[in-house]
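*Asks:* I'd like to ask some things about the structure below.
Put into structure tokens, the structure is as follows:
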């Protein structure tokens, strides 16, 4: 038993001198002590996860060329990439491998699609001054793990290589731009309006996200159902 828990459990419940304590007050006092003990008993890892900063900002050490999808042969739309200039801010989310990282560009966020993309990890410098995270820290070396409030460690595995499954509808047009996500909602790619995807019968979050395959991105992932023209 930890020192904090022992101290609380040993607090005597004693009425004031010359008075008596009713059973109801005694029960309430005991309940309060139990709640306090439970709070102190929270594992440090749980507290760490709850405080984990999900989106840490870094300075671009060099010009960061960002691609909408992982660069590999046959992927379309890569000419829609952009550059985050040296010295500007880049938000690191996770490393796909030792070379490529998934990042977000805050200067484009919700203004110009896409703002998530893939860039070379080597172009990202050290963390900038920000709330709840120290400056001057390099990008983590972890691969396919992103910061999380869910996992007790504060880090969660990215299901980047989500496998194929049965298709129930081929060639469904996308009405809007959208991101491809894994089951934990990490971005694994982007899809553009007028592209076509193959739709499966798998959904999550009450049908809000639908599991699809994008031939243009050459990627499996979850896309928001409202983006699909069906």
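Residue numbers (the working numbering): 140 to 369.
Glycine residues also receive a C-beta, built at the ideal position from the N, C-alpha and C atoms.
(1) Any chance the stretch 228-245 sits against the stretch 276-286, with 3 or more Cβ pairs inside 8 Å?
(2) What's the C-alpha gap between residue 352 and residue 291?
(3) Taking only runs that begin and end inside the stretch 273-331, name each unbroken beta strand (DSSP E) of 3 or more residues, in chain order.
(4) For residue 369, which residues from the same chain have a beta carbon less than 6 Å from its beta carbon, with the 5 sequence-adjacent residues on both sides left out?
(5) Based on Cα-Cα distance, which residue from 273, 252, 215 and 225 lies nearest to residue 261?
(6) For residue 219, which three-state DSSP category applies?
(7) Tell me the rounded alpha-carbon separation between residue 251 and residue 288.
(8) So what's residue 261 in DSSP terms, helix, strand or just coil?
(9) What residues match up with residue 342 in a beta bridge as DSSP calls it?
(10) What are the boundary residues of the beta strand (DSSP E) that residue 358 is part of?
(11) Keeping to the same chain, check which residues put their C-beta closer than 6 Å to that of residue 193; ignore five residues upstream and five downstream.
(12) For the beta strand (DSSP E) containing residue 243, list its first residue and its last residue.
(13) Could you tell me the distance, in whole angstroms, from the CA atom of residue 303 to the CA atom of residue 350?
(14) When the Cα of residue 328 is compared with those of 200, 219, 241 and 222, which residue comes out closest?
(15) Here's the rule I'm using: 16 or more other beta-carbon atoms within 10 Å means buried, otherwise exposed. How should residue 276 be labelled?
(16) Return yes when the Cβ of residue 199 is within less than 7 Å of the Cβ of residue 244, no when it is not.
(17) Alpha carbon to alpha carbon, how far is residue 201 from residue 190?
(18) For the beta strand (DSSP E) that residue 234 lies in, which residues bound it at each end?
(19) Applying the 10 Å Cβ sphere with the 16-neighbour rule, what's the burial state of residue 318?
(20) I'd like the list of long-range same chain contacts for residue 341, defined as Cβ closer than 8 Å, with 5 residues on each side in sequence excluded.
(21) Based on the DSSP output, what are the partners of residue 337 in its beta bridges?
(22) Below 6 Å CB to CB, which residues in the same chain sit around residue 359 once its five sequence neighbours on both sides are set aside?
(23) According to DSSP, what are the bridge partners of residue 256?
*Replies:* So, to answer that:
(1) yes
(2) 31 Å
(3) 284-286, 294-296, 306-312, 317-320 and 326-330
(4) 311
(5) 225
(6) helix
(7) 28 Å
(8) helix
(9) 349
(10) 358-363
(11) 286
(12) 239-243
(13) 10 Å
(14) 241
(15) exposed
(16) no
(17) 30 Å
(18) 228-234
(19) buried
(20) 304, 349 and 350
(21) 352
(22) 301 and 352
(23) 242
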